[in-house]
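Chains as they are written, first to last, in my numbering: chain A, 1 to 286; chain B, 1 to 312; chain C, 1 to 270.
Shown next, in structure tokens, is the structure this report addresses.
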């Protein structure tokens, strides 16, 4: 099919679209000065976002580092606001990274182990398929019941969600390794273990990269869901807590920060893993 | 069976590891007469398709669960039998649910509510997403405008919009359905666009040399050829839709599976939670299996036709 | 040193069945027996689907026979191994390793020290004319170059038997002819004394005539002929046109079925 190509003209149009959305938002805020609650506009214009809303972030700072907490009577300051945003972002990101690491490593290791023999692969196939189809986000209450709503509970939830995806992805990737590479390695004299290390592992890298990017998206969703449903800190916590008071402007600000964070993480992950695939033909480096 | 042939261990047991070429098959077909008729043949291959080892794996899983339930108190890990009994009991009538303010005190009605929402959202979202995706693959200006929005939305968990929808649309059907529509639209857009882009240009060129016009190319070539990949994306979208719907209901709703989960969690009832999850999972799996069957039946022709497309 | 073996490769009543998707049994290889002495270059020729590739897979140890025995160099074949090198039809060069690492791979598996294996690999790359792409990635090479890498890899690995499964069939005519020369050069330049025993599967009759000492013809899973080719090498285009070669070619074409009209209507009309 004739495809639309990425030209410089298209890039300018994309930037234009982003600018148009920002302007559209501002126009909406002027046209609809509706308030969800007295003093809380439903659609806050950018001037409000960068002043009042930003300052209000100071409410979420627990205190410390020489900056007093608003809940103890201190005035709202930009410093406290910035600190609070950084600290809550940090909490969310740490939960994600720990869950990603734990789930990713466990999923990969188990996936490789299970793929060693065709028997074990067939044995775990149905239970894993079942766990994969169980809606992840619906399982938050169960994990909260088992592991509580503190750090470890969230990390384990994220790790589970990612672990299942990475496990299934690894098993599938190993299965998709073209038989010819395996035959070739064996004919050249490689033992099964050597073949696993020198052929299977590199061969699955392209597919594992896709799995990684997919699990990144799931991980962010899992962290957010876990924070929505029971947390004392984090970006999701702020959104939901502010939501209870219908502070839409605060929710929007934190949501924007969240969107920026996920986009950056996606690009960073993509760029970092692309280096591992310098040998791969273009089609596999999407 | 072709899957067994691709296993990483050289598979000495697979008698059909390398299927013979068409010519060999043809030449031998004359020698051996066809057996019994089509019905018997399909039955035999159907029986062979059920893999005893996979089945054994499922049994081992349940047994392991059962064994683990001895190590923990029933309040933490109820045994599988208890969960199943609870599921069947609560399906038509669960009086304890009405105590917590659930509109319809049984699993069945709430399941229907959740399923309805998912169905509506998937239909609407898929329609929008597929059309936009296909158009964006053909019209570059449209793509330039819509792509940045969709790709950003694709990386960001749609869940971030949930609290907003709850405030804008209140606690009801609309916010949950809206969330899932958003999700399905983005996924189907990405899949439809990829399917259309991956289509080998050779088909269109050939069609043009045979005299096909623009409209014919869209109807007879673009639409049918992208169906397999789009259906594959639909399966994925559907799988995520269940969870998104459930969590939306968890955040704010008066009915649905999510509401039931919320209520049971508040009552510290792991048996009930697991039963509800089991039911939800079972429904999700059944729908997925049905969709997979449809794909195999109506879109099975496409093995290896796409140029460099990914293996979904 | 051992005297060259008379029975380097020996097949005894080898048979291979397959089960089709609908359950029917198909015999890909039917009761094949032959003996190949060491150092002989043998071509297996036949139309598509005659079982020659299946036979090669069994000889390489990648597929077990349904019945019958395969003995190579006195040992029964039970799996793949470096003594029986294989060049495949599709690209088997590992894309995640540079060319030189690919050629070294077999040696590395057998723990040959780095300096030594690098030298061996370089020498074979030189012999196939690819010294200048030593550090290239496989994705940067053409199909013909990748085949040279595969051939260099197998030769570098040693081994007394070499099997090739329609290795050049996916390449264009000119590249195919060049690679035939590369293969013959490497084969005859073998410094270890006795040349490798080669089994070369092809459906291209001209290719077989250019390369083989002996042609085994297959049809529908059975061996139907065993033709010695006693032309001296190198075989120029002229030597292939001499009467004895033409006679062999005529025989081969008859076996494949190309001396009869392709369309049944034409046959009825004739």
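The C-beta atom is built at its ideal place from N, Cα and C for all residues, glycine as well.
As the structure is a prediction and not an experimental result, all values here were calculated from the model.
{"Check": "Mapping DSSP to helix, strand and coil, what is residue 296 of chain B?", "Outcome": "helix"}
{"Check": "Could you please give me the residues that DSSP links to residue 76 of chain C through a beta bridge?", "Outcome": "C:71"}
{"Check": "I'd like the list of long-range same chain contacts for residue 6 of chain C, defined as Cβ closer than 7 Å, with 5 residues on each side in sequence excluded.", "Outcome": "37"}
{"Check": "Residues of chain A with CB under 8 Å from residue 18 of chain C, in chain order?", "Outcome": "Neighbours of residue 18 of chain C on chain A: none; closest Cβ ~16 Å, over 8 Å."}
{"Check": "How big is the Cα-Cα spacing for residue 309 of chain A and residue 81 of chain B?", "Outcome": "In this structure chain A extends from 1 to 286, so residue 309 of chain A is not present and cannot be described."}
{"Check": "Examine the Cβ distances between the region 19 to 26 of chain C and the region 197 to 214 of chain C and report whether three or more of them are shorter than 8 Å.", "Outcome": "no"}
{"Check": "Please classify residue 273 of chain C as buried or exposed, where buried requires at least 16 neighbouring CB atoms within 10 angstroms.", "Outcome": "No information on residue 273 of chain C is available, as it lies outside the stretch 1 to 270 that chain C covers here."}
{"Check": "CA-CA distance, residue 69 of chain B and residue 95 of chain A?", "Outcome": "29 Å"}
{"Check": "Which one or two residues does DSSP pair with residue 202 of chain C in a beta bridge?", "Outcome": "C:45"}
{"Check": "Quickly, what does DSSP pair residue 197 of chain C with across the bridge? List them, please.", "Outcome": "C:161"}
{"Check": "Alpha carbon to alpha carbon, how far is residue 273 of chain B from residue 90 of chain C? Give it in angstroms, no decimals.", "Outcome": "53 Å"}
{"Check": "Determine whether the beta carbon atoms of residue 42 of chain C and residue 205 of chain C lie at a separation below 8 Å.", "Outcome": "no"}
{"Check": "Residue 260 of chain A: which of B:258, B:208, B:292, B:153 sits nearest, CA to CA?", "Outcome": "B:153"}
{"Check": "For residue 261 of chain B, decide whether its Cβ has a neighbour in chain A, counting only Cβ atoms nearer than 8 Å.", "Outcome": "yes"}
{"Check": "Which residue's Cα is closest to the Cα of residue 30 of chain A: A:186, A:255, A:15, A:48?", "Outcome": "A:48"}
{"Check": "Under a Cβ-count criterion, where at least 16 other Cβ atoms within 10 Å of its own Cβ denotes burial, should residue 86 of chain A be classed as buried or exposed?", "Outcome": "exposed"}
{"Check": "Quick one, which residues of the region 257 to 281 of chain B are near chain A if we go by CB-CB under 8 Å, in chain order?", "Outcome": "257, 258, 261, 262, 264, 265, 268, 270, 273, 274, 277, 280, 281"}
{"Check": "Should the region 156 to 168 of chain A be called in touch with the region 120 to 139 of chain A, which here means at least 3 C-beta pairs below 8 Å?", "Outcome": "yes"}
{"Check": "Hey, would you say residue 202 of chain A sits closer than 8 Å to residue 58 of chain B, going by beta carbons?", "Outcome": "no"}
{"Check": "With three or more beta-carbon pairs closer than 8 Å as the criterion, would you say the region 155 to 162 of chain B touches the region 205 to 221 of chain A?", "Outcome": "yes"}
{"Check": "Along the region 221 to 244 of chain B, what residues have a CB closer than 7 Å to any CB found in chain A?", "Outcome": "222, 239, 242, 243, 244"}
{"Check": "Is there a Cβ from chain A that is less than 8 Å from the Cβ of residue 140 of chain B?", "Outcome": "yes"}
{"Check": "Return the Cβ separation of residue 40 of chain C and residue 213 of chain C in integer angstroms, given the expectation that the two are a contact with Cβ distance under 8 Å.", "Outcome": "5 Å"}
{"Check": "By DSSP's criteria, residue 216 of chain C is part of a beta bridge. Which residues make up the other side?", "Outcome": "C:44, C:226"}
{"Check": "Can you say whether residue 256 of chain A is buried or exposed, counting buried as having 16 or more other CB atoms within 10 angstroms of its CB?", "Outcome": "exposed"}
{"Check": "What would DSSP say about residue 33 of chain C, mapped onto helix, strand or coil?", "Outcome": "strand"}
{"Check": "Can you look up residue 249 of chain B in the DSSP assignment and give me helix, strand or coil?", "Outcome": "helix"}
{"Check": "Just checking: is the beta-carbon of residue 184 of chain A within a distance shorter than 8 Å of some beta-carbon in chain C?", "Outcome": "yes"}
{"Check": "Would you mind listing the alpha helix (DSSP H) stretches within the region 96 to 168 of chain B that are 4+ residues and don't spill past its ends, in chain order?", "Outcome": "107 to 138, 140 to 155"}
{"Check": "Drop a sphere of 10 angstroms on the beta-carbon of residue 247 of chain A, count the other beta-carbons inside from all chains shown, and report buried for 16 or more, exposed for fewer.", "Outcome": "buried"}
{"Check": "Taking residue 267 of chain A as the reference, which of A:204, A:45, A:212 has the closest Cα?", "Outcome": "A:212"}
{"Check": "Return the bridge partner residues of residue 11 of chain C from the DSSP annotation.", "Outcome": "C:34, C:70"}
{"Check": "For residue 127 of chain C, name the three-state secondary structure that DSSP assigns.", "Outcome": "helix"}
{"Check": "If you measure beta-carbon to beta-carbon, which residues of the region 201 to 225 of chain A are closer than 7 Å to chain B?", "Outcome": "217, 220, 221, 224, 225"}
{"Check": "Tell me the rounded alpha-carbon separation between residue 220 of chain C and residue 256 of chain C.", "Outcome": "10 Å"}
{"Check": "Buried or exposed, going by whether 16 or more other CB atoms sit within 10 Å of the CB of residue 157 of chain A?", "Outcome": "buried"}
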